[in-house]
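The block underneath contains the structure these notes are about, expressed in structure tokens.
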Amino acid sequence: GLFSDLLRLHHGLALSQASVGLVAVCENLGQYARIAGGLVYDNFGGKITLRVGLLLNGVGYLGILCAVRAATGSGSEDGEAWKAPLVLLCACSAMYGQGAGWMETAVSTVVTKFPEEAIGLLKTFFGVASAVGAVSFAALFAPSREDLLLALGLCPFVLGFPLSAVVFVGHTDDVEDADASESSPWHAAYTITLALVLALVAHSGLASMTTWLRPYEDHRPRNVAVFSVVLGLLLSLPVLPLCFTKKRDEPAQKQLPSPETTNDCTFVEAISGIRFWFLFLALAAGEGAGLLVLNNMGQLVRALDQGDPSLQPACVSAFSVSNAVGRLCMGQLAAGGVLRCQWSLLVAMPFLGFGYGSMWSLQPLLASQLFGKRSFGLKYSTLSMAAVAGSTPLCQLAVPYYYEAHANADGWCIGPECFGGSLRCASLGCGLGAILALCLDHSANQGLWRQDITETWDDEDDEDSSFSGAPKLGA
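Convert by adding 1 to the 1-based position in the sequence shown; the result is the number in our numbering.
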């Protein structure tokens, strides 16, 4: 959303909307087709998976930057600038997407080791990352999107690798026995995360509805002040465990689901059941619709705001913040007048982002509760492919068809009809996804009913055997 316009407007690239969509689909394919990451996690652990993801992510972003910088060079002898081939941009996009997928696989599998409060928090930061990126762009890089790409490419090496040395060091038993009361780090972490989300909401609102922060380059001190607040809240989170001591002699108030209530099946057993595919297709419908909006945010804002791109960072931030709120709320719950077009877009973004983020928090929790924790990395990475399965038809078929049908001679489309048809297709997909989710719920309830009946029969057999002295035959 923040640098898609760079690919369209750059004189050395000048990609069409269909080509930009293809680059985005390659990123989605790389990010969500991450079965290799799941296999590496299951066999070598989270730290190796995280570091490989950081390497792929950084190299991919730097590859995009090199392609853009090369296209701005002096060009060949005949005066034509070198034009980066589309296949190179797609390969680099898939690489940084694959890196992000490996990192998310490493982080999301904490559901197998930590209390369920952790998954909502960690998923929140995946959702809030785009909003933090928008604030960083406004404070440090605007109006240069190339500098933003450089920062995205260097962060995995400068920050990611040093921090990866201190993660996944706690013992499983130590974490599971953590107190989940209001005096625990979890409650403080949720409070700080909520404050972070509110700061990002304030930045998005001020940037979209006033000129107090825009143009960003003309109001740099104010944007830097907001960025400093966001950075301070982020830095306060890693020190929370040091501020709390665990009480070993007190019983834990919250436990992970017991093995007796979870069907801890293998990967082959999981994909052989109808529930897995109900969940997969429901996720494909919802996540595909969210990715349609996210991948085409730059062109969507231009289309609905008469070609003006100034609201792009605000819309990205609104979507991202709502995405994070959805992840935070669903993670916690599962564990325990007439507006103009551009303002309508800003009103719609929170609802789209909330729903999209909710599914990403529910996905690992549902996977662990329905299919157990054996080979969890492989199960989770397979379910993550639902996102690209749902977004590819929308981004590669629906969006180019409707956009190019109403585009002008220069390839740009202005007006609500540019994305109206593709958004209606996404809405229809979400409706089908809701029906599949109901089927999944019905199937799961039926399974619990059968389990209760079987346990009742077993109990009755035990009582009869003890009364008559006859041996137990079983149910």
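Cβ atoms here follow ideal geometry from the backbone N, Cα and C, with glycine treated the same way.
Item: Among the candidates GLY31, ALA196, LEU207, whose CA atom is the shortest distance from the CA of LEU235?; Value: ALA196
Item: Closer than 6 Å by C-beta to LEU151: which residues in its own chain qualify, once you throw out the five before and the five after it? Chain order, please.; Value: LEU66
Item: Three-state secondary structure (DSSP) at VAL53?; Value: helix
Item: Compute the beta-carbon to beta-carbon distance between VAL231 and VAL136, rounded to the nearest angstrom, for a pair I have assumed lies under 8 Å.; Value: 6 Å
Item: Residues in the same chain with beta-carbon distance under 7 Å from THR50, minus the five sequence neighbours each way, listed in chain order, please.; Value: GLY38, VAL41, TYR42, TRP103, THR106, ALA107
Item: Given this structure, state the Cα-to-Cα distance separating ALA143 from CYS414, to the nearest angstrom.; Value: 25 Å
Item: Might you give, ordered along the chain, the residues of its own chain that have their beta carbon closer than 6 Å to the beta carbon of GLY391, omitting 5 neighbours on each side?; Value: ALA285, ALA286, GLU288, GLY289
Item: Considering GLU270, what are the terminal residues of the alpha helix (DSSP H) in which it resides?; Value: 268-272
Item: Thinking GLY356 and ARG328 are a contact (beta carbons under 8 Å), I'd like their distance in whole angstroms, please.; Value: Contact doesn't hold; Cβ gap of about 11 Å is too wide.
Item: In whole angstroms, what is the alpha-carbon distance linking ILE454 and LEU441?; Value: With a pLDDT of only 42 at ILE454, under 50, the local geometry of the prediction cannot be trusted, and the value read off the model is given with reservation. Going by the C-alpha atoms only, they are around 20 Å apart.
Item: Report yes if the CB atom of ALA19 is closer than 9 Å to the CB atom of PRO401, and no otherwise.; Value: yes
Item: State buried or exposed for ASN29, treating a residue as buried only when at least 16 other CB atoms are found within 10 Å of its CB.; Value: buried
Item: What is the rounded straight-line gap between the Cα of ILE436 and the Cα of LEU122?; Value: 28 Å
Item: When the Cα of VAL322 is compared with those of ASN296, LEU353, ASN297, LEU292, which residue comes out closest?; Value: LEU353
Item: What runs of the alpha helix (DSSP H), each 4 residues or longer, lie entirely inside the stretch 219-249?; Value: 221-237
Item: Which residues mark the beginning and the end of the alpha helix (DSSP H) in which LEU160 is found?; Value: From DSSP, LEU160 is part of no alpha helix (DSSP H); its letter is neither H nor E.
Item: Is LEU214 helix, strand or coil when you go by DSSP?; Value: coil
Item: Helix, strand or coil: which one does DSSP assign to CYS414?; Value: coil
Item: Tell me the rounded alpha-carbon separation between SER444 and CYS266.; Value: 17 Å
Item: Give the straight-line distance between the Cα atoms of LEU8 and ALA408, rounded to the nearest whole angstrom.; Value: 17 Å
Item: Among CYS426, MET96, ASN58, which residue has its Cα nearest to the Cα of ALA399?; Value: CYS426
Item: For the alpha helix (DSSP H) holding CYS156, just list the boundary residues, first then last.; Value: 146-156
Item: Helix or strand or just coil, what does DSSP make of GLY46?; Value: coil
Item: Need the endpoints of the alpha helix (DSSP H) that CYS91 sits in, please.; Value: 87-109
Item: Can you list, in chain order, the residues of its chain with a C-beta nearer than 7 Å to that of GLN99? Leave out the 5 residues immediately preceding and following it.; Value: GLY31, GLN32, ARG35, LEU57
Item: Decide if GLY432 is buried, meaning its Cβ has at least 16 other Cβ atoms within 10 Å, or exposed.; Value: exposed
Item: Here's a check: name, in chain order, each residue in its chain whose Cβ is nearer than 7 Å to the Cβ of GLN364, leaving out the five neighbours to either side.; Value: LEU284, LEU384
Item: Assign VAL170 to one of three DSSP states: helix, strand, or coil.; Value: Bear in mind that a pLDDT of 39 at VAL170, under 50, signals an unreliable position, so the number given afterwards is only what the model happens to contain. Of the three classes helix, strand and coil, the one that applies to VAL170 here is coil, per DSSP.
Item: In three-state terms, what does DSSP make of HIS443?; Value: helix
Item: Are the CB atoms of ARG276 and LEU371 within a distance shorter than 9 Å?; Value: yes
Item: In whole angstroms, what is the alpha-carbon distance linking ASP219 and LEU149?; Value: 18 Å
Item: Below 6 Å CB to CB, which residues in the same chain sit around PHE158 once its five sequence neighbours on both sides are set aside?; Value: GLY59
Item: For ALA140, tell me which candidate among ALA200, PHE420, TYR62, ARG223 has the shortest Cα-Cα distance.; Value: ARG223
Item: Quick one: using the 10 Å Cβ neighbour count with 16 as the cut-off for buried, is SER77 buried or exposed?; Value: Any reading at SER77 must be qualified, since the residue scores a pLDDT of 46, below 50, and its modelled position is unreliable; the value itself is stated next. Looking at its Cβ environment, which holds fewer than 16 other Cβ atoms inside 10 Å, SER77 is exposed.
Item: Excluding the five sequence neighbours on either side, which residues of its own chain have a C-beta within less than 6 Å of the C-beta of ASN324, listed in chain order?; Value: GLY128, GLY354, TYR357, GLY358
Item: Measure the alpha-carbon distance for TYR404 versus PHE420 and round it to whole angstroms.; Value: 6 Å
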